[in-house]
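Participant: Let me give you the structure first, and then I'll get to my questions.
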Amino acid sequence: MSRTSCSLIAAALFVAAVLSLAACKKEDLSPEQVRVRRGQTMYTLHCASCHNPSDPKRDGGVGPAIAGSSLELLQARIFRSAYPEGYHPKRETHIMPRLPLDQDQVGALHAYLSSL
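So the number in the numbering used here is just where the residue sits in the sequence shown, counting from 1, plus 8.
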């Protein structure tokens with residue numbers, strides 16, 4: 009898949025995520041629900057292209073299922089493209105790059121993956 013195609017897919021996913029969040033009434037959601045929704049957006053934008061696009065509990069074409077992943081694992085993979093000490097990966101590939109997320113975004117992603 010070309011870089012242009014990936015960019016177009018990412019842009020379309022971003023628009024879909026923004027529209028779905030805009031449809032939610034903020035006063036109807038608890039702060040934790042807002043955090044989970046934000047994490048779902050992070051998943052859609054940054055994870056779904058390699059992990060399962062519709063269900064983080066299932067393996068994707070490139071990446072394994074990541075629902076229920078610990079915060080420590082997410083931080084190691086996203087910030088350092090590494091694994092936590094003593095962790096045994098589901099797959100032996102090391103193709104996941106670092107992602108341009110901050111601590112708050114990773115925390116929201118963790119909240120989403122933990123909610124499944």
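Heads up, the beta-carbon is just placed ideally off N, CA and C, and yes, glycines get one too.
Verify whether the separation of the beta carbon atoms of H54 and L109 is less than 8 Å.
Facilitator: Yes; because the gap between Cβ atoms is below 8 Å, this pair is in contact.
Participant: When DSSP labels each residue in this structure, what does D67 get in the three-state scheme?
Facilitator: The answer is coil: DSSP assigns D67 none of H, G, I, E or B.
Participant: Taking C-alpha atoms, which residue in A73, L79, V44 and L37 lies nearest to Y120?
Facilitator: For Y120, the nearest C-alpha among the options comes from V44.
Participant: If you draw a straight line from the C-alpha of S77 to the C-alpha of H118, how long is it?
Facilitator: Cα-Cα distance, rounded: 7 Å.
Participant: Drop a sphere of 10 angstroms on the beta-carbon of G94, count the other beta-carbons inside from all chains shown, and report buried for 16 or more, exposed for fewer.
Facilitator: Classification for G94: exposed.
Participant: Could you spell out where the alpha helix (DSSP H) holding T49 opens and where it closes?
Facilitator: That run of the alpha helix (DSSP H) goes P39 to M50.
Participant: Out of curiosity, what's the CA-to-CA distance linking P61 and T52?
Facilitator: When rounded, the distance between both Cα atoms is 7 Å.
Participant: Quick check on I74: does DSSP put it in helix, strand or coil?
Facilitator: Three-state result, I74: coil.
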